[in-house]
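All residue numbers for the sequence shown refer to my numbering, where the first residue is 324 and numbers rise by one.
No residue lacks a Cβ here, since even glycine has one placed at the ideal position from N, Cα and C.
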Amino acid sequence: MADTPTIFDRILDGEIPCLKVYEDDHVLAFLDIGPLSNGHTLVIPKQRKAMLHELSDEQAAALGRVLPRLCRAVMKATGAPAYNVLQNNGASAHQAVSHVHFHIIPKPSADDGTGTGLEMHWSPGSLKGDAGALLAQAIAAAI
Ligand code: 5GP
Numbered sequence: 324m325a326d327t328p329t330i331f332d333r334i335l336d337g338e339i340p341c342l343k344v345y346e347d348d349h350v351l352a353f354l355d356i357g358p359l360s361n362g363h364t365l366v367i368p369k370q371r372k373a374m375l376h377e378l379s380d381e382q383a384a385a386l387g388r389v390l391p392r393l394c395r396a397v398m399k400a401t402g403a404p405a406y407n408v409l410q411n412n413g414a415s416a417h418q419a420v421s422h423v424h425f426h427i428i429p430k431p432s433a434d435d436g437t438g439t440g441l442e443m444h445w446s447p448g449s450l451k452g453d454a455g456a457l458l459a460q461a462i463a464a465a466i
């Protein structure tokens, strides 16, 4: 558990209200207070870890089990035909709340005035053969 409780710890403890959409023994989901689009939902593990790689396999599995179901529900309720699932780790990667969370961000087909969803700047490089093979080996060896 982190030293200072995050805002999501306080939501889990019931100190701060949230608009809950789902809860089980390991997972809580609720609407984001600053939505990028209608239906922007946050999905958090009850285990208090800042970053994804710190989660136990059990908590990770619990999140993975329910995420597609929550995505289906968000799409059904909002009518959005597309969505992004975003998961930030670390302040430099735009993580503001140091408790693992997945964003489900609907991408509306047209601007309905409730937000246009996630806007991305994506500037790909190019994977180099030899260096790429070494990198793949290094990552595989670290698992
Ligand atoms: P991050 O940048 O850490 O990936 O995203 C944190 C998200 O938490 C933001 O989208 C922000 O709007 C949301 N958030 C921050 N504080 C609260 C809160 O008190 N309640 C709810 N429902 N969402 C919050």
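Can you tell me whether residue 440 is buried or exposed, with buried defined as 16 or more other CB within 10 angstroms of its CB? buried
Run the CB neighbour count on residue 376, radius 10 Å, all protein chains shown included, and call it buried at 16 or more, exposed below. exposed
CB residue 437 to CB residue 397, shorter than 7 Å? no
Find out if the Cβ-Cβ distance for the pair residue 359, residue 428 is shorter than 7 Å. yes
Contact with chain D by residue 415, beta-carbon distance below 7 Å: Absence of chain D from the displayed structure is noted, only one protein chain being present.
Tell me, please, which residues DSSP counts as bridged to residue 408. 427
Tell me the rounded alpha-carbon separation between residue 462 and residue 455. 11 Å
With a threshold of 8 Å on Cβ separation, who are the neighbours of residue 453 within its own chain once the five nearest residues in sequence on each side are excluded? none
Pull up the distance between the alpha-carbon of residue 460 and that of residue 392, whole angstroms please. 34 Å
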